[in-house]
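Asks: Protein chains in written order, with the working numbering: chain P, 1 to 409; chain B, 410 to 653. Mind having a look at this structure? Questions to follow.
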Amino acid sequence: MAIRPIIASLSRHRIAALLIVFEIALAFAIVSNAVFLIRERLQRMDIVSGVADHQLVQVQMAYIGNEPDAEARAQVDIAALRQIPGVRDVALINQLPFADRSSNGGIKLGPRQRWNTVHVAEYFGQNIISTLGLRLIAGRKFSPGEYLGFGAVVRALHSDNQKELPHIVIVTEALAERLWPGQPALGKTFYMGNGIQFRVIGVITNLLRPEVPSIGADYSILLPIRISLQQAAGYIIRCAPQDRERVLKAAVATLKRIDPNRVLLKHRTFEQIRHAYFQNDRAMAGILVGVIAALLLTTAFGIAGLASFWVQQRTRQIGVRRALGARRVDILRYFQTENFLLATAGIALGCAAAIGINVWLMAHYAVPRLPIIYLPIGAVTLWLLGQLAVLGPALRAARVAPTTAMRAA
Amino acid sequence: MLEMREVSKVYRTETVETHALRGFSLKVDEGEFVAVTGPSGSGKTTFLTIAGLLEDFTRGEYLLDHVNVHGMNDNQRSRLRNEKIGFVFQAFNLIPDLNVLDNVEVPLHYRHMSGGERRKRALAALERVGLSARLKHYPAELSGGQQQRVAIARALAGGPRLLLADEPTGNLDTAMARGVMELIEEIHREGATIIMVTHDPELAARAQRNVHIVDGMATGVSEEPRFHPGLRERTAGDVSLPRS
């Protein structure tokens with residue numbers, strides 16, 4: 001199929017041709033960026049939390065006013081919860097990945113370092129590793145005697161009494177690699193707060209920070225601090241996946257029975273916590289899918305509309321071509337080639353626009369760089385869409401009888 | 410060159426059956442110039458569309474250049490049409506978006522010919538009709554007579570065995586019509602086989618032979634050569650334009 005006469009013909013209908021080219025370019029630029037953003041969101045939703053996602057439930061309760069002996073009462077609660085059939089472990093933990101509270105701190109590698117090297121999530125509470133299902137890959141867990149009470153730690157901090165503060169820590173693998181790349185982390189030290197020194201005694205694989213930042217989402221530490229219900233994100237209970245609903249109900253009933261005056265704030269599975277956390281991402285992905293569908297549909301209708309108009313306008317011309325020897329397939333190819341050329345021009349323009357939009361998004365919304373692979377994928381999509389959209393009108397054109405050429409003008 | 414035997418064409422709708430051609434027979438020899446005349450609705454155009462392989466016929470037999478065309482599929486007919494027939498239409502039927510040179514090249518595109526060969530043939534055909542100076546002009550920039558000359562060049566570019574002209578001067582004023590007619594006669598003198606459909610007796614009189622159609626049947630055939638009597642001894646190979 002000779003391209004030059006098609007280009008010559010298109011150049012005689014510049015405005016209509018340019019409108020389609022711009023429509024394709026716009027669709028290409030927006031669709032490639034939108035698909036990339038959707039993929040980013042979906043990848044984010046698939047992030048590994050480090051905890052046993054399908055085995056955890058949370059029951060969060062609160063006292064009305066201050067409760068004396070909170071730590072002792074917590075031990076009573078935990079002992080009762082452990083009696084529920086199917087419960088494997090129970091812990092009071094200050095925060096959870098994806099949950100709505102977070103405790104963070106800055107780490108310095110030297111005592112006189114001015115700025116923090118990195119920010120981390122601080123997890124505390126007893127029995128965290130076994131309850132959350134974390135995987136210890138080096139060192140050891142905290143021994144029961146190494147835990148300090150939350151109240152005592154707060155008092156020590158206020159009085160700057162370093163002796164009453166914890167000095168050992170368990171870190172995630174990602175954090176260890178960030179602080180001491182390529183080196184074993186066990187025995188290494190860092191500083192937090194007002195120069196409090198910590199020594200690494202264990203390394204776990206993963207544990208996400210509650211707010212899941214785009215960089216350093218896995219920078220977390222465990223501290224040997226005992227907490228009560230007031231400082232906790234609730235009782236975290238581990239059980240078999242199929243037992244979660246039953247255990248949750250039983251746990252609420254048990255805690256209410258022990259102290260009916262407590263207020264039940266939340267009771268949910270960890271999967272529900274995770275699901276709720278990514279609600280906005282899902283909504284955004286849904287909106288973007290809608291935008292993509294609308295754009296592609298509009299573009300397809302635009303192409304089909306213009307092609308239909310051109311077929312109608314050129315019916316006689318098509319008849320003449322047929323009379324001069326064009327086969328049906330030649331007519332079909334003519335319109336397909338014409339569409340391919342328009343789509344190619346649109347894609348070329350759209351590539352520049354897609355990169356431009358991505359650069360703008362990178363500057364204003366901290367979106368990562370658009371991987372180059374999205375451009376050929378987008379191009380193929382738009383080419384196929386164009387060919388599909390033009391197929392109906394092109395087939396109609398191919399059916400024009402050669403006798404049309406004989407009709408009076 | 411062309412032989413139709415008892416060719417009939419019936420158009421059928423749910424309620425009506427129209428006999429456009431009834432047992433029509435005609436033999437046109439190589440190098441002949443035949444005018445087909447008849448009143449409106451007599452079947453002239455139907456004859457031309459069948460002769461030009463633009464549509465099939467209902468009954469009968471049609472041999473084009475010794476090839477029986479009955480039962481050919483659309484692709485075979487398209488190919489034969491492209492290689493053996495040149496069309497000259499009353500309304501010129503040039504493609505308005507293409508310039509003169511591109512218009513003449515149109516039928517050559519369907520022969521899988523190289524660009525250079527297409528260009529050579531188109532330029533020769535335009536030279537032949539005296540429009541070499543108008544290659545880059547668009548149809549709208551030409552007079553009616555010039556447009557019909559471009560259409561003739563387009564018909565000649567493929568080196569056809571048969572030239573079919575449908576009222577070639579019907580849309581032209583007298584002076585332009587004379588020029589176009591002289592060109593057709595000149596092409597005939599060079600050896601082309603031409604069948605011209607016309608309702609104009611004066612134009613028909615310039616052909617070697619007239620076939621008159623009424624109600625789809627050939628009613629009168631004048632066999633008397635009126636023009637260029639020595640032509641029958643020549644062959645179509647004498648046409649000076651290149652052949653594929």
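The beta-carbon is built from N, C-alpha and C at its ideal position, and this holds for glycine as well. Treat the numbers as computed from the prediction; the structure is a model and nothing was measured.
Let me know the secondary structure DSSP gives Ala348 (chain P) once reduced to three states.
Replies: The answer is helix: DSSP assigns Ala348 (chain P) an H, G or I state.
Asks: In whole angstroms, give me the CA-to-CA distance for Leu532 (chain B) and Leu544 (chain B).
Replies: Leu532 (chain B) and Leu544 (chain B): Cα-Cα distance of roughly 8 Å.
Asks: Would the stretch 438-447 of chain B count as touching the stretch 502-511 of chain B if we require 3 or more Cβ pairs under 8 Å?
Replies: Contact between the stretch 438-447 of chain B and the stretch 502-511 of chain B is absent, because fewer than three Cβ pairs lie under 8 Å.
Asks: Please check the pair Gln43 (chain P) and Arg238 (chain P), which I expect to be a contact at CB under 8 Å, by giving their CB distance rounded to whole angstroms.
Replies: Contact flag wrong, Cβ pair sits at about 27 Å.
Asks: Any contact between the stretch 462-472 of chain B and the stretch 416-428 of chain B? By contact I mean 3 or more CB pairs, one from each, below 8 Å.
Replies: Flag = yes, the stretch 462-472 of chain B and the stretch 416-428 of chain B touch.
Asks: Pull the bridge partners of Ala34 (chain P) from the DSSP assignment, please.
Replies: None, per the DSSP bridge assignment.
Asks: At the level of alpha carbons, what is the spacing between Arg244 (chain P) and Thr269 (chain P)?
Replies: Rounded to the nearest angstrom, the two C-alpha atoms are 7 Å apart.
Asks: Mind checking whether Ser552 (chain B) and Met585 (chain B) have CB atoms under 8 Å apart?
Replies: In contact: Ser552 (chain B) and Met585 (chain B) (Cβ atoms closer than 8 Å).
Asks: My output table needs one value for Val478 (chain B): the three-state DSSP class, helix, strand or coil.
Replies: Three-state result, Val478 (chain B): coil.
Asks: What residue range does the beta strand (DSSP E) around Ser417 (chain B) cover?
Replies: Taken as a continuous stretch (DSSP letters only), the beta strand (DSSP E) holding Ser417 (chain B) covers Leu411 to Arg421.
Asks: Taking the alpha helix (DSSP H) that Met590 (chain B) falls in, what are its first and last residues?
Replies: Looking at the DSSP string, the run of the alpha helix (DSSP H) that includes Met590 (chain B) is Thr583 to Arg598.
Asks: Can you say whether Gly447 (chain B) is buried or exposed, counting buried as having 16 or more other CB atoms within 10 angstroms of its CB?
Replies: Gly447 (chain B) is buried by the Cβ-count criterion.
Asks: Give the range of the alpha helix (DSSP H) segment to which Gln197 (chain P) is assigned.
Replies: It is not in any alpha helix (DSSP H) - Gln197 (chain P) instead sits in the beta strand (DSSP E) that spans Ile196 to Ile204.
Asks: Assign Val212 (chain P) to one of three DSSP states: helix, strand, or coil.
Replies: DSSP places Val212 (chain P) in coil when its eight states are reduced to three.
Asks: Assuming Phe124 (chain P) and Ile225 (chain P) form a contact by the criterion Cβ under 8 Å, report the distance between their Cβ atoms to the nearest whole angstrom.
Replies: About 4 Å; that satisfies the 8 Å criterion.
Asks: Which residue or residues does DSSP assign as beta-bridge partners of Lys163 (chain P)?
Replies: None, per the DSSP bridge assignment.
Asks: So which residues on chain P does Arg570 (chain B) lean against when the C-beta distance must stay under 9 Å?
Replies: Here the premise fails: no neighbours, minimum Cβ distance about 13 Å.
Asks: In chain order, which continuous runs of the beta strand (DSSP E) of length 3 or greater are located wholly inside the stretch 519-595 of chain B?
Replies: Within the stretch 519-595 of chain B, the complete beta strand (DSSP E) runs of at least 3 residues are 571-575.
Asks: Run the CB neighbour count on Pro181 (chain P), radius 10 Å, all protein chains shown included, and call it buried at 16 or more, exposed below.
Replies: By the 10 Å Cβ count, Pro181 (chain P) comes out exposed.
Asks: For Leu430 (chain B), which option in B:Thr422, B:Leu457 and B:Val437 has the closest C-alpha, if you only look at C-alpha atoms?
Replies: Of the candidates B:Thr422, B:Leu457 and B:Val437, the one whose C-alpha sits nearest the C-alpha of Leu430 (chain B) is B:Leu457.
Asks: State the Cα-Cα distance for the pair Leu341 (chain P) and Gly319 (chain P), rounded to the nearest angstrom.
Replies: If you take the alpha carbons of Leu341 (chain P) and Gly319 (chain P), they lie about 23 Å apart.
Asks: At the level of alpha carbons, what is the spacing between Pro548 (chain B) and Ala398 (chain P)?
Replies: Distance between the alpha carbons of Pro548 (chain B) and Ala398 (chain P): 25 Å.
Asks: Report the three-state DSSP secondary structure of Thr269 (chain P) (helix, strand or coil).
Replies: Thr269 (chain P): strand per DSSP, three-state reduction.
Asks: Against Asp46 (chain P), what residues of chain B qualify as contacts under a CB-to-CB distance less than 8 Å, listed in chain order?
Replies: Neighbours of Asp46 (chain P) on chain B: none; closest Cβ ~53 Å, over 8 Å.
Asks: Please list, in chain order, the chain P residues whose beta carbon lies closer than 7 Å to that of Pro407 (chain B).
Replies: Since the first and last residues shown for chain B are 410 and 653, residue 407 (chain B) lies out of range.
Asks: Run through DSSP, which three-state label would Leu296 (chain P) get?
Replies: The answer is helix: DSSP assigns Leu296 (chain P) an H, G or I state.
Asks: Would you say Met406 (chain P) faces chain B, with C-beta separation under 8 Å as the test?
Replies: For Met406 (chain P), the answer is yes, since a Cβ of chain B falls inside 8 Å of its Cβ.
Asks: Pull the bridge partners of Tyr471 (chain B) from the DSSP assignment, please.
Replies: According to DSSP, Tyr471 (chain B) bridges with B:Met413.
Asks: What residues in the stretch 5-16 of chain P have a beta carbon less than 7 Å from any beta carbon of chain B?
Replies: Of all residues in the stretch 5-16 of chain P, Pro5, Ala8, Ser9 and Arg12 have a Cβ within less than 7 Å of some Cβ in chain B.
Asks: Decide if the stretch 49-64 of chain P is in contact with the stretch 255-274 of chain P; the criterion is three or more beta carbon pairs, one per stretch, under 8 Å apart.
Replies: Flag = yes, the stretch 49-64 of chain P and the stretch 255-274 of chain P touch.
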